[in-house]
Structure formats: structure tokens, C-alpha cells
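Below is one structure; the comments refer to it alone.
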Amino acid sequence: MLELLEIKPTDTILEIGTGSGYLTAILCEISHFVYSIDIFSEFIEETDKKLKLLGYKNYKLLVRDGNYGLAEFSPYEKIIASAYFESIPTALLEQLTIDGILVLPVGNKQLQYIYKVIKKEAVLFVPIVPFDKQGQN
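Quick look at the structure:
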């Protein structure tokens with residue numbers, strides 16, 4: 160998943176699911192700044208201790224609900240999630256820069272796929288029309 164992000168040293172990253180802080184430390188090493196969120200305050204507190212001990216200063220850890228991302232510090236060049244979503248949250252897409260990359264598992268409890276989403280310029284299309292609503296002769 161980390162490789163799919165195509166991280167550059169100038170990137171600001173949102174990590175959803177701080178967990179043990181292992182990925183957070185890697186992200187701090189290879190990017191400009193990392194915002195990492197988790198719903199468990201214990202994970203945030205322990206990771207903060209570890210990252211300070213390792214001498215990292217280019218991060219901010221917060222207790223937040225990953226479904227909503229972290230709008231107050233957006234936009235992000237990259238967003239990565241370490242927990243699955245049932246669908247791609249619109250909130251995360253809105254927090255990406257143009258050409259930003261979102262990598263996350265999507266699926267259900269039994270089966271998930273890794274998605275890599277690249278946000279491009281806004282467009283306008285007509286909606287898809289379901290077959291049963293088409294005008295039939």
C-alpha cells in the first residue's frame with residue numbers, strides 16, 4: 160500500500176489508523192509532514208512517545224473518526240488507510256489535492272480489495288440511467 164502512494168519528499172500525508180505507529184514513522188521519514196488519526200487515544204499516546212524518542216518532529220497525531228478524515232488540515236497530497244471501508248468516503252476524496260492519491264481497503268468483513276484513487280480535475284457527466292427506467296416502445 161505504501162508503494163502505491165508514490166510518496167514524494169514534499170508530500171503532506173493523512174494516515175487513517177495510527178495503530179502501533181510503525182507506518183507513521185516510515186511516513187515521517189519519507190515525506191514532508193504526516194497527520195495521523197485514530198479512534199483509540201491509547202494508540203495516539205503511545206505512538207507520540209515513540210516518535211518523539213526517535214526524534215521525529217514532522218507529524219501531528221489526533222484522536223478522530225477516520226470516516227471523516229481530517230478536513231481542518233487538508234488538502235493532502237496522499238491519504239492512506241489501515242482499516243477497511245465499505246465504500247470510498249466522499250470526505251476523503253474532498254480532502255485530496257488535484258492529482259492526489261488515496262489508497263485504502265474497500266469491501267466487507269469477509270473480502271476487501273486495495274483501491275488506489277487518483278483525484279483529477281472536476282468534470283460534468285450525465286447520470287447513468289438504469290435499464291428499467293429507459294423509455295421502451
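Residue numbers for the sequence shown follow my numbering, beginning at 160 and rising by one.
Heads up, the beta-carbon is just placed ideally off N, CA and C, and yes, glycines get one too.
Using DSSP's beta-bridge definition, name the partner residues of residue i.
i	result
S190	Answer is none; S190 lacks a bridge partner.
L381	Any answer about residue 381 is impossible in this case: the structure gives the chain only from 160 up to 296.
G266	Q271
V276	L261
For residue i versus residue j, is the C-beta spacing smaller than 8 Å?
i	j	result
D207	L220	yes
I247	V265	yes
E236	I172	yes
G180	A242	no
E231	I257	no
R223	I260	no
E162	I239	no
L255	P234	yes
E245	N267	yes
T183	L210	yes
D170	S190	yes
M160	I287	no
Going by other Cβ atoms of all chains shown within 10 Å of its Cβ, with 16 needed for buried, is residue i buried or exposed?
i	result
L297	Shown here, the chain extends from 160 to 296; a query on residue 297 therefore has no answer.
Y194	buried
E202	Checking the sequence shown, residue 202 turns out to be Phe, not Glu. The residue in question, F202, is buried, as its Cβ has 16 or more Cβ neighbours within 10 Å.
Y218	buried
L283	exposed
G228	buried
G225	buried
Just to confirm, does residue i get its C-beta within under 7 Å of one of the non-hydrogen atoms of the ligand NAP?
i	result
V288	Judged by which ligands are present, the structure shown has none, so any question about the ligand NAP falls away.
Residue ranges of each beta strand (DSSP E) within the region 201-254, 3 or longer: 218-222, 235-240
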